[in-house]
DNA sequence: ACAAAAATTAAACAACTGTTTAATTTAAAC
DNA sequence: GTTTAAATTAAACAGTTGTTTAATTTTTGT
């Protein structure tokens, strides 16, 4: 796993992230990237080996970090619901900052065309699930959360709502009258976040 | 809007749906489609005009139908929660049958590369939101649902959870021990569906 | 200042892209 | 059966694709 990237490489990744997010991996050519980053086409192959390896480098470069934040959260001295709310906030902030790459990831992982060598990414996801599990169990031990929660379905609930909202941005901009990008982003960080927190809280408390 | 399609055209759409879902729109070439459908490359342009128009025809061909089901649901004589549960079931069944095209749609609508001429599709979504609104208001009038529900956020909650689960199929297959496609689909139609219904119910009932 | 290494370049590569053409076959109409 | 229209074909079109090459410039270490 490559972690030592020079400024030029990071610049390439930055441009690639934007373009991949806008037009998809297959929809973006190396020439698109090199033109936008004002470099020669050969530089991508020179630095990363191939277009696919560029994507892998991008994903690894961007997705590390959340894991550490979650592990750290476990030991914080917070009430169960505050901890869950903070977890949701961490997720949203993290993904919101890296919107582009998560969108690509979202699509490429589901594609049968490419089998990305992303064992390390899968490990991160499992670690995150483990952290969530610990937090839920703590809340259950304290008698605050119900006992029969299907923990693996909580992440798709959090991320699913967020992504679906982002994916249908044009539609929600229209029906919620969010006329500027700022208004939209603001809605995400306040109302949508609150909605997700409320949803999870309702799930954890729900009684038949 | 073209609705009269002959058998050959429908066969092409069928193949296109499968390949687009597997490899994405940009990841699928007309030659891929023509080879799989055992037709000449020129036939796609001959019948649909272009690759993009093929996609549009595919989307329109597949997405009509849910709207009518929802409109019909409004007038059914059901308790508010039963009506909502049935609505969720309709959504999931509908999308589950047309998994392929909804996956493409999900991605392509968010892409800046193409501006699909899909006013008719946007109209369908608005109509569906209107139907949901009527059902919620009925439940509110009967005093069963809370009053401060943000209705436009219910659809992303339902669809978001579902899509995120589908998009990360390999991951959930592993952590939930769903070893066959049948086991996975079964989990969606039972446990995941129940989870979504429970989530929405909790949201509609939630009290601070 | 000089040699070695790294970075950058333009050009070429072969394969693939969506689409069009013009010729041929098949089907329908009369 | 002949004429007209529709369907189907192989071939060619002009661009684009990811990647490699070999030459050149820039940077680095001494």
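Chains as they are written, first to last, in UniProt numbering: chain A, 1 to 208; chain H, 1 to 208. Think of the CB as a built atom: it goes at the ideal place given N, C-alpha and C, for glycine as much as any other residue.
CB contact check: residue i to chain H, cutoff 8 angstroms
i, result
"residue 2 of chain A", "Residue confidence is low: residue 2 of chain A scores 45 on pLDDT, short of 50, so the model does not pin down where it sits. No coordinate-derived value is stated."
"residue 220 of chain A", "Examination of residue 220 of chain A is not possible in this model, given that chain A is present from 1 through 208 alone."
"residue 153 of chain A", "yes"
"residue 156 of chain A", "yes"
"residue 26 of chain A", "yes"
"residue 183 of chain A", "no"
"residue 202 of chain A", "yes"
"residue 122 of chain A", "yes"
"residue 165 of chain A", "yes"
"residue 197 of chain A", "no"
"residue 150 of chain A", "yes"
"residue 129 of chain A", "yes"
"residue 20 of chain A", "no"
Cβ of residue i within 8 angstroms of any chain A Cβ
i, result
"residue 72 of chain H", "no"
"residue 125 of chain H", "yes"
"residue 62 of chain H", "no"
"residue 172 of chain H", "yes"
"residue 50 of chain H", "no"
"residue 180 of chain H", "no"
"residue 160 of chain H", "yes"
"residue 81 of chain H", "no"
"residue 87 of chain H", "no"
"residue 175 of chain H", "yes"
"residue 107 of chain H", "yes"
Residue i and residue j closer than 8 angstroms at C-beta
i, j, result
"residue 105 of chain A", "residue 175 of chain A", "no"
"residue 78 of chain A", "residue 86 of chain A", "yes"
"residue 30 of chain H", "residue 12 of chain H", "no"
"residue 126 of chain A", "residue 98 of chain A", "no"
"residue 211 of chain H", "residue 143 of chain H", "In the structure displayed, chain H extends from 1 to 208; residue 211 of chain H sits before or after that span and is not available."
"residue 122 of chain A", "residue 74 of chain A", "no"
"residue 26 of chain H", "residue 27 of chain A", "yes"
"residue 9 of chain H", "residue 47 of chain H", "yes"
"residue 202 of chain A", "residue 202 of chain H", "yes"
"residue 172 of chain A", "residue 80 of chain H", "no"
"residue 44 of chain A", "residue 51 of chain A", "yes"
"residue 145 of chain H", "residue 169 of chain H", "no"
"residue 24 of chain A", "residue 24 of chain H", "yes"
Minimum C-alpha distance to residue i - residue among the options
i, options, result
"residue 188 of chain H", "H:166, H:30 and H:179", "H:166"
"residue 7 of chain H", "H:21, H:37 and H:56", "H:37"
"residue 148 of chain A", "A:93, A:173, A:204 and A:123", "A:204"
"residue 94 of chain H", "H:107, H:64 and H:108", "H:64"
"residue 55 of chain A", "A:71, A:137, A:69 and A:102", "A:102"
"residue 192 of chain H", "A:141, A:18, A:72 and A:150", "A:150"
"residue 213 of chain H", "H:49, H:170, H:84 and H:186", "Residue 213 of chain H falls outside the range modelled here, since chain H spans only 1 to 208, and no answer is possible."
"residue 107 of chain A", "H:133, H:22, H:17 and H:70", "H:22"
"residue 190 of chain A", "A:5, A:96 and A:70", "A:96"
"residue 124 of chain A", "A:76, A:39, A:71 and A:185", "A:71"
"residue 138 of chain H", "H:179, H:178 and H:76", "H:76"
"residue 69 of chain H", "H:133, H:53 and H:128", "H:128"
"residue 39 of chain H", "H:15, H:5 and H:136", "H:15"
Limits of the unbroken alpha helix (DSSP H) element including residue i
i, result
"residue 84 of chain A", "80 to 97"
"residue 68 of chain H", "66 to 74"
"residue 31 of chain H", "30 to 36"
"residue 152 of chain H", "Taken as a continuous stretch (DSSP letters only), residue 152 of chain H belongs to no alpha helix (DSSP H), as it is neither H nor E."
"residue 204 of chain A", "193 to 205"
"residue 58 of chain H", "51 to 63"
"residue 23 of chain H", "7 to 23"
"residue 44 of chain A", "42 to 48"
"residue 215 of chain H", "Nothing in the structure corresponds to residue 215 of chain H, since chain H is present only between 1 and 208."
"residue 171 of chain A", "169 to 175"
query = Contact between the segment 154 to 164 of chain H and the segment 153 to 168 of chain A: three or more CB pairs below 8 angstroms?
reply = Remark: three or more beta-carbon pairs, one from each stretch, lie closer than 8 angstroms, so the segment 154 to 164 of chain H and the segment 153 to 168 of chain A are flagged as touching.
ask   = Counting Cβ pairs closer than 8 angstroms, one from the segment 84 to 101 of chain A and one from the segment 177 to 197 of chain A, do we hit at least three?
value = Result yes; three or more Cβ-Cβ pairs closer than 8 angstroms.
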